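Just so you know, the working numbering puts 18 at position 11 of the sequence shown, and the rest follows in order with no gaps. Don't be surprised by glycine CBs; every beta carbon is placed ideally from N, CA and C. Fair warning: this is a prediction, and the values are worked out from it, not measured in the lab.
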Amino acid sequence: MTHDRWIEVKNNILEQFAVNDQGKEEYADQPGFFEFIDFMGPMGEMRLEWSHTPRIVDRRGHTARRGGAHVREEVVYSDQDFVEALHLFKIGGDGGWEEVHNSLFS
Numbered sequence: 008m009t010h011d012r013w014i015e016v017k018n019n020i021l022e023q024f025a026v027n028d029q030g031k032e033e034y035a036d037q038p039g040f041f042e043f044i045d046f047m048g049p050m051g052e053m054r055l056e057w058s059h060t061p062r063i064v065d066r067r068g069h070t071a072r073r074g075g076a077h078v079r080e081e082v083v084y085s086d087q088d089f090v091e092a093l094h095l096f097k098i099g100g101d102g103g104w105e106e107v108h109n110s111l112f113s
């Protein structure tokens, strides 16, 4: 999903549903960010997230042959290629967010 399409979807939600919260956050463990919007939808309280992260180019494992040595993984990200994804969540029975799978929309 492109950023322009995300803006369209977000504006439609703002017009059609009661919005509880919205914002933009940076990932703590990787480069990139995600935007979210919490709203009251047809299945109750829902959250739509659009993520924008650089594509992973390579993963390199660094190990030692000593006993008790730690394994470290280095992740190499692309400077020019990005991955954008849309995820829909609803409030579950335990109060946490559960992802709504695409099969429900088919």
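Check                                                                                                                                                : Outcome
Using the rule of at least 16 other Cβ atoms within 10 Å of the residue's Cβ for burial, across every protein chain shown, is D45 buried or exposed? : buried
Excluding sequence positions up to five away, which residues of its chain have a Cβ less than 7 Å from the Cβ of G48?                                : F24
When you compare the CB positions of F40 and Q29, do they come within less than 8 Å of one another, or not?                                          : no
Is H108 helix, strand or coil by DSSP?                                                                                                               : coil
Quick check for students: name the residue ranges of the beta strand (DSSP E) that lie wholly in the stretch 35-75, counting only runs of 3 or more. : 40-48, 51-69
Quick check: what's the CA-CA separation for S85 versus E52?                                                                                         : 35 Å
In whole angstroms, what is the alpha-carbon distance linking G75 and G68?                                                                           : 16 Å
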